[in-house]
Ligand SMILES: [Fe+2]
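Right, dumping it as structure tokens:
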């Protein structure tokens with residue numbers, strides 16, 4: 279799902295570069311890019327169906343995302359270390375990719391609590407912590423006390439979206455004492471999250 283999306287974005291960048299010079303080549307890039315877009319949609323929907331059927335698969339999705347590597351790492355390892363720099367030079371934005379990936383994660387999971395669950399699964403698998411408390415321990419506490427766990431995962435999911443700067447599809451309500459307190463907590467957690475792609 280992620281690979282297809284990044285590939286599609288790569289074709290869009292190439293299309294913009296090539297278009298002023300060669301219309302036919304640009305159209306070819308557009309056609310291939312659209313196929314990659316279709317592939318990513320297909321994987322997104324298939325992931326959604328599977329998670330709807332068995333929410334426990336979120337752990338596997340987390341693992342897949344954690345180990346996701348673009349094929350060029352194997353097909354052209356000598357160039358792989360330059361890809362990020364070339365990508366930026368050609369007008370690509372890693373921030374935009376992160377945001378799109380965030381949306382891609384949110385949609386198949388179906389709700390913000392599942393998004394938080396996935397973020398915590400990835401963080402726990404990577405041995406990360408928030409303020410010195412391991413995510414694995416926080417996750418264990420969430421799972422032990424459903425009363426904290428549900429809203430807790432929701433807060434983690436919101437913090438993830440805030441960190442990536444994704445405003446839609448969620449609208450955070452920061453009004454009133456409860457909204458303000460939640461906003462503070464969300465920003466506190468978001469500021470302690472750190473992602474890379
Ligand atoms: Fe593809």
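Numbering (our numbering), first residue to last: 279 to 475. Beta carbons: idealized from backbone N, C-alpha and C, even for Gly.
Whole-angstrom C-beta distance between residue j and residue i, which should lie under 8 Å
i: residue 376; j: residue 433; result: 20 Å between Cβ atoms; not a contact.
i: residue 435; j: residue 397; result: 7 Å
i: residue 438; j: residue 405; result: At roughly 18 Å, the Cβ-Cβ gap does not stay under 8 Å, so residue 438 and residue 405 are not in contact.
i: residue 322; j: residue 279; result: 5 Å
Spatial neighbours of residue i in its chain, beta-carbon cut-off 6 Å, leaving aside the 5 residues before and after
i: residue 285; result: 314
i: residue 333; result: none
i: residue 451; result: 457
Residue i versus residue j - alpha carbon distance
i: residue 459; j: residue 453; result: 9 Å
i: residue 327; j: residue 386; result: 8 Å
i: residue 417; j: residue 411; result: 10 Å
i: residue 364; j: residue 308; result: 20 Å
i: residue 359; j: residue 299; result: 28 Å
i: residue 384; j: residue 392; result: 8 Å
i: residue 325; j: residue 338; result: 11 Å
i: residue 294; j: residue 302; result: 13 Å
i: residue 449; j: residue 352; result: 40 Å
i: residue 428; j: residue 472; result: 23 Å
i: residue 409; j: residue 455; result: 24 Å
i: residue 336; j: residue 355; result: 30 Å
Top-ranked residue by Cα proximity to residue i, from the options
i: residue 310; options: 320, 292, 298, 321; result: 292
i: residue 343; options: 282, 464, 465, 419; result: 282
i: residue 288; options: 366, 430, 331; result: 366
i: residue 390; options: 374, 431, 355, 301; result: 431
i: residue 374; options: 463, 464, 471, 290; result: 290
i: residue 331; options: 388, 470, 306; result: 388
Same chain only: Cβ atoms within 8 Å of residue i, ignoring 5 sequence neighbours per side
i: residue 361; result: 348, 350
Cutoff 7 Å; reference residue i; Cβ partners in own chain excluding five residues on either side
i: residue 413; result: 398, 401, 402, 406, 407
i: residue 317; result: 282
i: residue 444; result: 377, 380, 381
i: residue 296; result: 303, 304, 307
i: residue 341; result: 403
Would you say the stretch 405-425 touches the stretch 363-371, given that touching needs at least three Cβ pairs under 8 Å? Taking a contact to require three or more Cβ pairs closer than 8 Å, the stretch 405-425 and the stretch 363-371 do not qualify as touching.
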